[in-house]
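Trainee: Submitted below is the structure of interest, expressed as structure tokens.
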Amino acid sequence: MRESLREKDLLKGYLEEHPYSQAYRFIQKQPGVTYKSMRNYLDLYYVGTVRIGTPPQKFKVIFDTGSADLWVPSIYCSSRACVRHTVFNPKRSSTFRSTNRSIALHYGSGSMTGFLGYDTVKWHLPAGLHPSSGPALLPDIHTTTPPPLLTQIGKLVGRSQAFGLSKTEVSKILEFGAFDGILGLSYPDLALTGTTPVFDNLLAQGAISQKLFAFYLSSNEKKGSMVMFGGVDHSYYKGQLKWVPVSKGGFWQITVDRISMDGRVIACEGSCEAIVDTGTTLLTGPNYDIFDILKTINAQTTSTGEYVVSCNAINTLPDIVFTINGVKYPVPAKAYIRKGLFDTCYSNFDDSLSHSTLWILGDVFLRLYFTVFDRENNRIGLAPAVA
């Protein structure tokens, strides 16, 4: 979105109007891994499709571990964002149940207001993906022996699922984004009071065998991004999963030991807290930490408030290493520096969370590391993702 606005010479005006703007942040009942493919949009966010209602209406949603609610645009919304996207028509669904409850949801890049409804939500196995033709699937991440390959293709169904129907949507990103709504996958503590999030609803209805899901995020708009429910496909990562305890429920929050370069601590000295968030594009942290890192990589600020870095630095700067639970997770310069238009390169570290002490490990980090979100044991598993 920044590149599109920059090309039209609109970026500076947009950032002045939105000073804290940043990019956002299944299918059978027997044991095994169930998949949902996602599309990578410009390394900004990852979008998959869900179907709501009877007969089903199809929507593109961001699978977001940084929030807990599902919502989509509705026919009652008059915002420009809704005009540009698919809208849900409850009158066309025989299973829709309405409520009189108004809701409001706020994100780092926008907000929506609307009302709460209930309906059937479905996911279909991606076309061309058949578990029996692929690698062995591990329905139990605690075992080392793979079970027989799965042979059935089906669909994942969540009945009486609470979801929001928007009436207003405020944000240029919601207006121009290549997605209709958001599907939250954080802990239920963050969900609208009295509602059950999608993942918990599926568990309660026996649609998922294990209380976990995992993400594989492809790079550079490549196909193959996946969110997996109920198990882990080991072909998407190298080596062994390393486990990190969740330090605080709500968000998927963990403790980072330190952030270093060439063995020298450059941020997060004495440890810090971080959220693992598939709905955030960049590596985001407290401004004092981010400024130290930007200084270290010799980034220079621009009139739009961005930070440019010499493109040659991609080949010369060392890794920035996140040490988590005693394990080192290097982030190379080609990941924390991105190439833009006109042979200009930018930092992928973002300082927009100026009032927070939390880090957010967004897609820049998660493209490097296959990630398992284990609700049963309140922990996160990390391993190097396959290229």
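Just so you know, the sequence shown maps onto residues 1 to 387 in the UniProt record's numbering. Glycine included, every Cβ here is placed at the ideal spot set by N, Cα and C.
Quick check on DSSP: helix, strand or coil for THR316?
Mentor: Counted from its first residue, the sequence shown places residue 316 at position 316. Correct three-state label for THR316: helix.
Trainee: Using only the alpha-carbon positions, how far apart do ARG375 and TYR216 sit?
Mentor: Within the sequence shown, the letter at position 375 stands for residue 375. Within the sequence shown, the letter at position 216 stands for residue 216. Each residue's alpha carbon lies about 18 Å from the other.
Trainee: What is the C-beta distance between ILE62 and VAL47, in whole angstroms, given that I count them as a contact (C-beta under 8 Å)?
Mentor: Stepping through the sequence shown from its first residue, residue 62 is reached at position 62. Stepping through the sequence shown from its first residue, residue 47 is reached at position 47. That pair is a contact at about 6 Å.
Trainee: Beta-carbon within less than 7 Å of GLU306's beta-carbon, same chain only, minus the 5 sequence neighbours each way: which residues are those?
Mentor: As a first step, residue 306 must be located in the sequence shown, where it is residue number 306. Excluding residues within five positions, the ones whose Cβ falls inside 7 Å are TYR346.
Trainee: One question on the structure: do VAL364 and LEU241 come within less than 8 Å of each other, judged by their Cβ atoms?
Mentor: As a first step, residue 364 must be located in the sequence shown, where it is residue number 364. As a first step, residue 241 must be located in the sequence shown, where it is residue number 241. It is not a contact, given that the beta carbons lie outside the stated cut-off.
Trainee: For a minimum of 4 consecutive residues, which ranges assigned as the alpha helix (DSSP H) are wholly contained in the stretch 222-309?
Mentor: The qualifying runs are 287-296.
Trainee: Let's see if you can read the secondary structure: which residues bound the beta strand (DSSP E) around VAL87?
Mentor: The count along the sequence shown starts at 1 and reaches residue 87 at position 87. No beta strand (DSSP E) holds VAL87; DSSP gives it neither H nor E.
Trainee: Using only the alpha-carbon positions, how far apart do LYS295 and ARG338 sit?
Mentor: By 1-based counting over the sequence shown, the position of residue 295 is 295. By 1-based counting over the sequence shown, the position of residue 338 is 338. Each residue's Cα considered, the two are about 17 Å apart.
Trainee: When DSSP builds the beta bridges, which residues end up paired with ARG51?
Mentor: Along the sequence shown, read from residue 1 onward, the residue named residue 51 stands at position 51. Answer by DSSP bridge pairing, in chain order: LYS58 and LYS122.
Trainee: Does DSSP classify ASP189 as helix, strand or coil?
Mentor: In the sequence shown, counting from the first residue as 1, residue 189 sits at position 189. ASP189: helix per DSSP, three-state reduction.
Trainee: ARG92 and GLY117 - do their beta-carbons sit closer together than 8 Å?
Mentor: If you number the sequence shown from 1, residue 117 lands on position 117. If you number the sequence shown from 1, residue 92 lands on position 92. No; because the gap between Cβ atoms is not below 8 Å, this pair is not in contact.
Trainee: Comparing alpha-carbon positions, which option in ASN325, ALA81, PHE229 and GLY181 lies nearest SER247?
Mentor: By 1-based counting over the sequence shown, the position of residue 247 is 247. Ranking the options by Cα distance to SER247, first place goes to ASN325.
Trainee: With a floor of 3 residues, list each beta strand (DSSP E) that falls wholly inside the stretch 351-375, ordered by position along the chain.
Mentor: DSSP runs (the beta strand (DSSP E)) wholly in the stretch 351-375: 359-361 and 369-374.
Trainee: With the cut-off set at 8 Å, would you say ILE293 and LEU317 are in Cβ contact?
Mentor: For this step, residue 293 is matched to residue 293 along the sequence shown. For this step, residue 317 is matched to residue 317 along the sequence shown. In this structure, LEU317 does not lie closer than 8 Å to ILE293 by Cβ.
Trainee: Suppose the cutoff is 7 Å on Cβ atoms and the five residues either side in sequence are ignored; what does the same chain contact list for LEU105 look like?
Mentor: Stepping through the sequence shown from its first residue, residue 105 is reached at position 105. Taken in chain order, the residues that qualify are ASP69, TRP71, SER111, MET112 and GLY164.
Trainee: May I ask you to report which of helix, strand or coil DSSP gives ASN201?
Mentor: Your numbering for residue 201 matches position 201 in the sequence shown. Helix at ASN201.
Trainee: Which residues in the same chain as TYR41 place their Cβ atom closer than 7 Å to its Cβ, once the five residues preceding and following it in sequence are excluded?
Mentor: The residue given as residue 41 occupies position 41 in the sequence shown. Taken in chain order, the residues that qualify are VAL47 and ALA178.
Trainee: For HIS85, count neighbouring Cβ atoms within 10 angstroms of its own Cβ and tell me buried if that reaches 16, exposed if not.
Mentor: Mapped onto the sequence shown, residue 85 falls at position 85. Buried: at least 16 other Cβ atoms inside 10 Å.
Trainee: For ASP262, which residues in the same chain have their Cβ closer than 7 Å to its Cβ, ignoring the five residues on either side in sequence?
Mentor: Mapped onto the sequence shown, residue 262 falls at position 262. Counting only Cβ-Cβ distances below 7 Å, and skipping sequence neighbours, we find PRO318.
Trainee: Check whether the Cβ atoms of SER171 and ALA81 lie closer than 8 Å to each other.
Mentor: Residue mapping note: residue 171 aligns to position 171 of the sequence shown, counting from 1. Residue mapping note: residue 81 aligns to position 81 of the sequence shown, counting from 1. Contact: yes.
Trainee: Short of 8 Å in beta carbon distance, which residues of its chain neighbour PRO90, apart from the five on each side in sequence? Order them along the chain.
Mentor: As a working note, residue 90 is residue 90 in the sequence shown. Taken in chain order, the residues that qualify are GLY53, SER74, ILE75, PHE96, SER98, GLY117, ASP119 and LEU165.
Trainee: Report all residues from its chain with a CB closer than 6 Å to the CB of GLN300; omit the five preceding and five following residues, and keep chain order.
Mentor: Start at 1 with the first residue of the sequence shown, and residue 300 comes out as number 300. Within the same chain, GLN300 has close Cβ partners VAL308.
Trainee: Look at the alpha carbon of VAL265 and the alpha carbon of VAL121, and state the distance between them as a whole number of angstroms.
Mentor: Taking the sequence shown and counting its residues from 1, one reaches residue 265 at position 265. Taking the sequence shown and counting its residues from 1, one reaches residue 121 at position 121. About 46 Å.
Trainee: Whole angstroms are fine: how far does the CA of ALA214 sit from the CA of LEU185?
Mentor: Sequence index remark: in the sequence shown, residue 185 carries index 185 (1-based). Sequence index remark: in the sequence shown, residue 214 carries index 214 (1-based). Roughly 11 Å separates the two Cα atoms.
Trainee: Please report the distance separating the alpha-carbon of GLY249 from that of ASN315.
Mentor: On the sequence shown, position 249 is the one that residue 249 refers to. On the sequence shown, position 315 is the one that residue 315 refers to. So the alpha carbons of these two residues sit roughly 39 Å apart.
Trainee: Verify whether the separation of the beta carbon atoms of VAL232 and LEU361 is less than 8 Å.
Mentor: Position 232 of the sequence shown, counted from the start, is the residue given in the question as residue 232. Position 361 of the sequence shown, counted from the start, is the residue given in the question as residue 361. Their beta carbons are not under 8 Å apart, which means VAL232 does not touch LEU361 by this criterion.
Trainee: According to DSSP, is TYR336 part of a helix, a strand, or is it coil?
Mentor: Stepping through the sequence shown from its first residue, residue 336 is reached at position 336. Residue state, collapsed to three classes: helix.
Trainee: Return the first residue and the last residue of the beta strand (DSSP E) that PHE163 is part of.
Mentor: Sequence index remark: in the sequence shown, residue 163 carries index 163 (1-based). Counting along the chain, the beta strand (DSSP E) containing PHE163 begins and ends at 155-170.
Trainee: The beta strand (DSSP E) spanning VAL72 covers which residue range?
Mentor: Position 72 of the sequence shown, counted from the first residue, corresponds to residue 72. Where VAL72 is concerned, the enclosing beta strand (DSSP E) stretches over 70-73.
Trainee: Any idea what DSSP makes of LEU174, helix, strand or coil?
Mentor: Within the sequence shown, residue 174 is the residue found at index 174, counting from 1. Of the three classes helix, strand and coil, the one that applies to LEU174 here is helix, per DSSP.
Trainee: CB SER219 to CB ARG367, shorter than 8 Å?
Mentor: By 1-based counting over the sequence shown, the position of residue 219 is 219. By 1-based counting over the sequence shown, the position of residue 367 is 367. Yes.
Trainee: Cutting at 8 Å between CB atoms, please list the residues of its own chain near SER271, excluding the five before and the five after it.
Mentor: The sequence position of residue 271 within the sequence shown is 271, counting from 1. THR255, VAL256, ASP257 and ARG258.
Trainee: For the beta strand (DSSP E) holding PHE213, just list the boundary residues, first then last.
Mentor: Taking the first residue of the sequence shown as position 1, residue 213 is located at position 213. Counting along the chain, the beta strand (DSSP E) containing PHE213 begins and ends at 212-216.
Trainee: Mapping the DSSP letters down to three states, classify ALA81 as helix, strand or coil.
Mentor: Taking the first residue of the sequence shown as position 1, residue 81 is located at position 81. If DSSP states are grouped into helix, strand and coil, ALA81 belongs with the helices.
Trainee: Just curious, the beta strand (DSSP E) that ILE103 is in, first and last residue?
Mentor: By 1-based counting over the sequence shown, the position of residue 103 is 103. Start and end: 97-107.
Trainee: Per DSSP, which one or two residues make a beta bridge with ASP64?
Mentor: The count along the sequence shown starts at 1 and reaches residue 64 at position 64. DSSP output for ASP64 lists GLY184 as bridge partner(s).
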